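First comes the structure, then the notes that go with it.
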Amino acid sequence: MSNLTYTIIFYLFAVITLCSAAFVVFSKNVIYSAFSLLFTFFGVAALYVFLSADFIAVTQVVVYVGGILVLLLFGVMFTKSIMNTEMQTDVLHIVPGTLILAGIIGALLYTFYTTHTWMPSNKQLYGSIVERIGYETMSHFVLPFEMVSILLLAALIGAAFLARFDKPDKTKS
Amino acid sequence: MEHLIPIGLNHYLTISAFLFGFGLFAVMTRKNAIVILMGVELILNAANINFLAFSKYNGGMGGVMFSLFIIVIAAAEAAIALAIVINIFKIFKSVDVSSIDTMKE
Amino acid sequence: MHSLIQLSIVVLLLPLLSFVILIFFNRRLPRRGDFVGVGILGSAFAISAYIFWSVIVQTYDPAFRIAWDFTWIDLGNVHGIGPLQVRMGIVIDNLTAIMLAMVTLISLLVHLYSTGYMAGDKNYGRYFAFLGIFTFSMLGIVLSDNLFSIYIFWELVGLSSYLLIGFFFEKQSAADAQKKAFLVNRVGDIGMWLGILILYSQFHTFSFEQIYANLAAGKFAMSNAWLTAAGLLLFMGCVGKSAQFPLHIWLPDAMEGPTPVSALIHAATMVAAGVYFVARIFVLLTPDALHVIAFIGAFTAFMAATIAITQNDIKRVLAYSTVSQLGYMVLGLGVGAYSAALFHLVTHAFFKACLFLGSGAIIHAMHHEQDMRWMGGLRKNMPWTFATFTLATLALAGLPLTSGFMSKDAILAGAIGFAQVEGGGVFYLIPALGFFSAMLTAFYMGRQIWLVFFGESRTHLKPVDNHHHGHDAHGAHDDHHDAHEVHEVSWNMRAPLVILAALSIFFVYSPNPLDGAEGWFMKMIKTPATVVGPANHNCATTLVKAASPLMAEALPAVAAHGATDSPAVAGGEHATAKGEHAFADPRQAEIAHAAHAAHFPAIYISSIMVLVGISLAGVVFVFKIIDPDKTAQAIRPLYLFSLNKWYWDEIYEATFIKGSVVLSKMLSWFDTNVIDGMVNGVAFLVRKLAFANNSFDKYVVDGFVNFTAFSVNTTGAVLRKLQTGKVQTYVVMLLLVVFGYFVFYFTRLLY
Amino acid sequence: MLSLIVFLPIIAGLVILAVPSSQKQIIRIVSLLAALAQGVLAVLIWRGYDPSLPGITAGPGGSPLGSFQFVEKLPWISLKLGGLGSLNIEYFLGVDGISVTMVILTALVSAIGVLSSWTIQKQVKGYFILYNLLASAMMGCFVALDFFLFYVFWELMLLPMYFLIGIWGGPNREYAAIKFFLYTLFGSVFMLLVMIGLYFSVIDPVTGNHTFSLVAMANQANYIKSAILGPDNVMWRYVAFSVLFVGFAIKVPMFPFHTWLPDAHVEAPTPISVILAGVLLKLGTYGMMRINFPLFPEVFHASLYVIGIFGAINIIYGAFCALAQQDLKKMVAYSSISHMGYVLLGLAAGNTEGMVGALYQMFNHGTITAMLFLLVGVIYDRAHTRQIDKFGGLASYMPVYAAFVTVAWFASLGLPGLSGFISEAFVFVGAFSSVTTRYIAMVSVLGIVFGAAYLLWSLQRMFLGQRKQDAAYDLVVGDDGHEHIHFHDWKGKLDLDGRELTMLVPLLVITIFLGIYPMPILGLITTSVNKLVEVLSPLAMR
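Residue numbers (this note's numbering), protein chains in the order written: chain X, 1 to 173; chain D, 1001 to 1105; chain W, 2001 to 2751; chain E, 3001 to 3542.
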C-alpha cells in the first residue's frame, strides 16, 4: 500500500466522518441524524485503524454502532412514536452557536498549527497493539479497568431503573 | 499533492476539532434531547481521536487505554442519558429541552 | 523694749479688750456695760497722757523716736532674695504721741457723751463695743511703723466706720450710707494698696524706716514716674479716708450714724487718719505728686465750702465743713506746709468734735430734729451748748485768738509761699481757693449759728408729714416726743463740750495768738527730709547739688519775689536763724522760707476774708438786708448746684454704680447664656452628633447594607432574565466565556 | 499614719454597711467618729511634721524619696508588658508643706461636713457611705505621691460626688450632677494621657525603671532626653502642660470652665457644697502645684502671663457675676470662682510671696467658704428659699446669725484681721513683685472693691433695713410684746442652734486666729514653697 493510496483512503474516511457528522448536526430530522451518526462512527473507526488502534476501532464499531446507536435509535423511535409528532427538531441560539462553533474550531486549529512542540517522536505505534492492550489492562490499568466495569454495571442497572415505567400516581408523588 | 502525502498528527487533530465543534454545536443549538446526546457522542469521539493520535505519535499506551475507557464510559453515559431522556419525556411529555425550564424557579 | 512702747501696746489693746468684753457680755453687765467702755478708755487716755507727757513735755526733742518690731510672718529663705520676713512694729515719735493723746481723749469724751446721747437704745451695749474697736483701729494706724499694718488698721477703721455708720441699720438710708462709706473707702484703699505694692516690689519690706533708707540710697529701680505714682496711689488711701475729691461723697451720707459717732470718726479721728498717713509718707512724695495733692486739697476745700452754704441739715453743714477743712490739711501737705497741716489736723479735731457733739446736743434736745430751718432761738434754752458751739465755730471760721486761726493761717501762708516758689501762675489758684473757702466757711458757720441759736423758735413751721417720718427710726425716743420743751443736756454730755471748747483756744498751743509757729506743736513736728533721692528725682536733696535744673528754674521766681540770697543759702539761713528747720531739701527750705515771709500777708488776707464772710452772714441772716430765699431764686441754678452737692452722687450713681450693675448684669447674662450656653451647646452638639451618628448608622451604614442588598436584588432581577432555566443557554454562556478567554489568550500571545 | 487617715472613712463606710439602715443615729455617729478620728490624726500629723524639710522633689545627693515625711512606699502593681517594658505602680504616700496644709483642711472640712449632714433624712445609709468614700478619696489625693495612685483617688472622688449631688440635691440635680461629672471627666481623660506619656519619659534613678513617682518626675534630671515628654520634645511638653492645666483648671474652676460650679453648688445639699467649695476646688490648684508646674517648669515659666490673665479674669468676672445673682448660694458660688482666681494669680506670680499667698488662700478659702455655705444652708433650712430679695431686716431678729454672717462675709471680702486678708495680700504682693504679672495685679485689685460690693449689697438686702413685703417669713408679736419673725414650717430654734454653732464656731475661731497670727499654717508651707519656687525658677532649669 503506497503512501498515496494510504493518503487517499485517509481523506476519504475523513470526509465521510466529517460530512456525516455535519449532517448529524445540521439535519432537521432526528432519524436522519441517527442514521448519519452510523457513518460517522464507522469513519471514526476507520481513522482508529489508521492510528494503529485496530482493537479500539473494533470496539468502537461494536459499542457505538452496535450499542449506543441502537440505543439512540430506540430512544428516538420510542419517544416519537408515542408523541406522534414530527421527527424534526428546532434549533435555538443559532447565531451564538455558529459564532462559537467557528471560534472554537478556529481557535483549536490555530493552536494545533502553531504549536510546534507536538512534533511526533520517533517512537511510534506500529502494527497491532491488541496484545499490548491486554497486557496494559491487566497490569497498569487494572484498577481503572475494574472501576469502569463496576461503573458500567451500575450505569446499566441505573438506566434500567430510571427507564422503567412507573405508574402515573407514583410519578406524581 | 505532495504536501498531502505525509498524514501527520495535525490531520487527525483537525478532524477531531471539527468533530468536537459539530458536537458542541449540536449540544448548544438542538432542542431535541436525543440530538444533544448525539452531539455528546461526537465530542467523545473527537476526544478519542485525539487520544489515539497522540498515543500513536508518542508511542505510549496511555492514550489507547484511555480511549478504551472512554468508550466504555460513553456506553454507560448513553444508557443513563437515554433513561433520563425517557424519564423527562414521561414527566414533561416532551424531549424538547427548551421547554424544560424548571431550573428557572 | 522701751517702757513707752509697752505702754503704747497697752493703750492699743485696751479698746480691743473693751470691744471683746462688750460684744460678748454687754447684755449680762449692768447698764449694758457702758462703764466698761468709759473706764477702759479713761485708762487708755491716762496712759496716753503719760506718754504725751513723757515725749512732748519731758523730752521735748523734735527728733524723738523710738521703735520696736517683731517678726509676724517668716517666709524663710526665699529664692533669689534671701531670708524674708514681714515684721510688725510700733513707732513712737512726737506726732504719734500727740495723735495718741488726741485720739484717746476724743474717744473718751465721745464715750462719755454717748452715755447720755445713746441712753435707751436697744443696742446700747453693742454701740460701745463698736466704739472700742474703732478706737483700737485708729490707734493701730497711729502706732504703726510699717505700711502693711497701717493698711490692716486702715481697713479695720473702714470696718468700724461701717458698723458705726450703719448702727441704725433698720433705717434704709443708714444701711445705704454704711455700704457707701465702706465701698468708697475701699476704692481709695486699693489705690493705697497698689502704692504699697510698688514700694514692696522694690524693697521687699513694708517698714517705713527701711523703705525710706532704701529710697534715700537711690535703690528704687523703677522710673521716677513710678515713684510719683506710688506717692499718688498711697495718697488715694487718704483721698478715700479723708473724703477728698473725688471720693468725698461718703462722708456727708455717713451722718446717718449716731451723732457722737460723727464727732468721733467723721470729724476728729478717722478722717484725720488720711492726713496722718500722708504725713507719714510725706518724705517719699515727689514734687509732682505734691502738686496733685495740693490741687486736690484746694479744690476739695472750695467745693465742700460751696456745698455747705446751702445745706439745711445741721450735721450736713458740719460734714461739708469737715470735708472742706480736710481739704485744707491736704492742701497744706501738698504745698509742703507739713507742720501746719498737722497742726490744723489737731486743732480741727478738737473744735470739730466740739461742733458735732454740740449739734448732737441740739439734736438730742430737739428730739432728733436735724433741720436748721425748724430750729432757732436755742441760745436761751441751751446756754452751755451755745457758748461752746460758738467758740468752736469761731475756731472753725478762723478768727484770731482761736486755735483754728493759727493753724489755718499757717497753711495759707505755706500756700502763698508755695505758689511763689513754684513760679506763680496757676499755683496761685491754691492760696486763692484757700482764702475764698475761708470766707465761705465764715459765712456758712455764721448762718448756722444764727439759724440755730438766734431768732425765734421755728419748730411749729415744720410740715407734719416730714416730722413723723423722721422719728420712726427712733422708736425709743418717741415717748417723750410730744413735749416740745427744749432744755440743756445733762452733765455727761455737757462736760465733753466744755473740754473740747477749751482746747479750741490759742493758748493751749502757742503763747502768741497770731503765730502758731511759736507754739510747742510746730516746734515738735518738723518737716522731715525728703528721701526721694537724686538718682531718680530731678530735685536735688543736698546743698551740694543745688544747681540742678529745677533750681535753675526756681531761681528767677525767688529773685522776683525779692529774695536776694540764693535759695540754698536762704534755706540754710532760715535753718540756722531759727535753729530748727534743717531742711535737707532746698525746695522745702525755700517754701518754708517763703511761707515764713508770707505769714503776715496771710494773716491779713484771711482775717479780712473771715470778716467779710461773717458780715455777709450777718447781712443776710441777721439784718435781712438780703433775703436769702430771693437770692436763692435769683441764682437758682447755682443754688441748686450747691444744694445738690454739685450732683456728684447723681454722677456716680449714673456712671460707676449703674455701670457696675449693668456690667454685672451683662456679664451674668454672658455667663449663663454664652459661656454656659457654649457648654450646653457643646453638650447639645454632642447629643446632636450622637443623633447624627445614630442617623448615620441608620441611614448610611445600614443604608449601605440595604443598598448592597438592593443592588444585588436589582442585579439579580436583571440577571434572572438570563436565567432561562435552559441548560443550553448556560452552555452558550459558558462557552462564550471560554471563547472570550481564548480571545484574551490570543491577544496576549500577539503582543 | 497616712494610710490610716486616708482609709479611715472607708472603714467607717464598711462599718455603716453592716448597720441596718433604720439605725440612722448610729450611722451618723459612726461617720462622726471617723471624721473626728481623722481630725485627731491630722493634728498628730501637723504636730509631727517637721517644717524645716522642703519636700517637693528629691534633690541630687539626698534620699531618693526626697524630704517627704510620713512616707509609705510599697510596690502595688508590677506588670510585665513585653516589648513596652514593665508597668510599675507604687503605693506611695507622703506629705510635704503643700500637702500637709491640705490634709489638715480636708480633715477639718470633712468633720464639719459630717455635722452638717445631720439633717439629711433621705437614705441616710447610702448617703454616709458615699460621703465617707468621698472623704477618703479627697484625702488620698492630697497624700498620694504616685501619679497613678493620685489619678485613682482623683477618679474615685468623682463617683460619690456624682451621686451625692444627683440623689440628695435640689430640683435640677441630675443636670448639675451630669454637668459636674462630664466636666471633670473631660479633664481627667487628658490627665491620663499625660500621665502615661510622663511614665514613659521618666526613669527612677534608683531602680532604673520607668516610674509614676511624682518625686522622681519633679526632678528634670530624671527625664529621658528624647522621650515623648523629655526635655528635647519641646512641643509635646507644651501640649502636655496645657492639657494637664486644663484638666486641673476645670476643677479650680477657671474661666471659661467654671460653669459647672454654680449649678453644682445650687443643686448640692449644704454639706456637699461645703465639701465641694472647701476641698474639691483646692484639688485643682493643688494639682497644679504638685504636678503641673514642677513637672514642666520651663513651660510654666513661659505661660505665667496666661495663667495670670486667667486669674484676673476669674477674680473680676466672678465678682461681677456674683454681683448680679439673686440666689444667695449662687452668689457665694461665684464668689468662690472669684477667690480661686486669687489662687491662680498667686501661682502665676511664680515667687514665694505669691505662692505662699496662693496656698494660704486655698486653706483660707476652704474654711471661709465652708462657713459661707453653712450659713446659706442655715437660712435655707428655715426659709426654704435663697432669694436675696425675700429677706430683709433679719439682723434685728436673728442677731447671732447676723453676726456670724457679717464676720464670714467680711472674711470673704478680705478684711484684715481675718485670714482671707493675709492670703489675698500675699497674692497681690507676689503678683505685683513679679514683673510678668505686675499689670495683671494692678487690674485684679479691682476685685477687692467688687468683692466688697456684692457681699455688702447682699448683706444689706438680707439683714439690714426692715422686713420686706414679700419676705419669706412672717412678723409676729411674741408673749413679751416684742416683734419676732416666724418661718413657715420651721420648728427649730429661730437663731442658730447648738449643732450649727458647733460647726460654725471652730471655723470662725480658725478664721480669726489665722488672720491675726498666720504662722501656724504659714510656718508649715514656707519651706516647701521656697523649694518649689526654686525648682520652678529659670536658674534651676537646664
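By construction, the Cβ of each residue, glycine as well, lies at the ideal position given by its N, Cα and C atoms.
Bear in mind the structure is a predicted one, so any value in this text is a computation, not a measurement.
Distances from the CA of X/A154 to each of D/V1097, D/V1095 and D/A1075 were compared; the closest alpha carbon is that of D/A1075. Annotation: W/K2726 is outside any beta strand (DSSP E) and is labelled neither H nor E by DSSP.
One alpha carbon belongs to E/A3268, the other to E/M3340, and they sit about 19 angstroms apart. Around W/Y2124, the same chain offers N2026, R2032, D2034 and M2118 as residues with beta carbons nearer than 8 angstroms, after the five sequence neighbours per side are excluded.
One alpha carbon belongs to X/L92, the other to D/I1007, and they sit about 37 angstroms apart. Membership of W/A2067 in the beta strand (DSSP E) is indicated by the continuous run R2065 to V2078. From the beta-carbon of W/D2074, the residues of chain E found nearer than 8 angstroms are M3519, L3522, G3523 and T3526. In the three-state reduction of the DSSP assignment, E/L3193 falls in the helix class, which pools H, G and I. Scanning chain X for C-beta atoms nearer than 8 angstroms to the C-beta of D/I1015 yields A14, T17, L18 and L47, reported in chain order. Under the DSSP definition of a beta bridge, E/F3092 partners with E/K3073.
One finds nothing in chain D with a Cβ atom closer than 8 angstroms to the Cβ of X/L38; even the nearest lies about 11 angstroms away. Under the rule that a run must span 4 or more residues, the alpha helix (DSSP H) segments found entirely inside the region 2623-2663 of chain W read 2628-2634, 2636-2643 and 2648-2652.
The continuous alpha helix (DSSP H) containing W/D2253 extends over residues W2250 to D2253. Under the three-state reduction of DSSP, W/K2122 is assigned to coil, being neither helix nor strand. Assignment of E/Y3473 by DSSP, reduced to helix, strand and coil, places it in the strand class.
Judged by beta-carbon spacing, W/I2196 lies beyond the 8 angstroms limit of W/T2205, meaning their Cβ atoms are not closer than that value. The beta carbon of E/L3446 falls within 8 angstroms of a beta carbon belonging to chain W, placing the residue at that interface. In the DSSP assignment, the residues bridged to W/V2091 are W/A2067.
Inclusion of W/A2181 and W/S2161 in the CB contact set at 8 angstroms is warranted, their separation being smaller than that value. Under the three-state reduction of DSSP output, E/D3327 falls in the strand class.
Cβ proximity to chain X below 9 angstroms picks out E1077, A1078, A1079, I1080, A1081, L1082, A1083, I1084, V1085, I1086, N1087, F1089 and K1090 from the region 1077-1090 of chain D. W/Q2006 is classed as exposed because its beta carbon has fewer than 16 other beta carbons within 10 Å across all chains shown.
Each residue's CA atom was taken as its position, placing E/F3300 and E/L3536 some 8 angstroms apart. Close partners of X/H140 in chain W (Cβ separation under 8 angstroms) are lacking, with about 33 angstroms as the shortest Cβ gap.
The beta carbon of D/D1101 falls within 8 angstroms of a beta carbon belonging to chain W, placing the residue at that interface. Every unbroken stretch of the alpha helix (DSSP H) spanning 4 or more residues and falling wholly within the region 2359-2431 of chain W is given here in chain order: 2378-2381, 2383-2397 and 2403-2421. For the pair W/V2679 and E/T3259, the CB atoms are nearer than the 8 angstroms cut-off. Exclusion of the five residues before and after D/E1041 leaves G1023, A1074 and A1078 as the residues of its chain whose Cβ lies within less than 8 angstroms of its Cβ.
As computed with DSSP, E/L3087 is found in a beta bridge with E/L3079. Under a 10 Å Cβ-count criterion, E/K3491 is classified as exposed, with fewer than 16 other Cβ atoms of the shown protein chains found around its own Cβ. Secondary structure note for E/I3485: its beta strand (DSSP E) is the uninterrupted segment E3483 to F3487. Within the same chain, and ignoring the five residues on either side of E/F3148 in sequence, the residues whose Cβ sits closer than 6 angstroms to its Cβ are I3089 and F3212.
Within chain D, the residues L1068 and I1071 have their CB atoms less than 8 angstroms from the CB of X/T59, given in chain order. In summary, the residues of the region 1023-1048 of chain D whose CB is separated from some CB of chain X by less than 8 angstroms are G1023, L1024, F1025, A1026, M1028, T1029, R1030, K1031, N1032, I1034, V1035, L1037, M1038, G1039, E1041, L1042, N1045 and N1048, in the order they occur in the chain. With a beta-carbon spacing of about 6 angstroms, E/F3181 and E/L3158 fall inside the 8 angstroms limit used to define contacts.
With a threshold of 16 other beta carbon atoms within 10 Å, W/W2053 falls short and is exposed.
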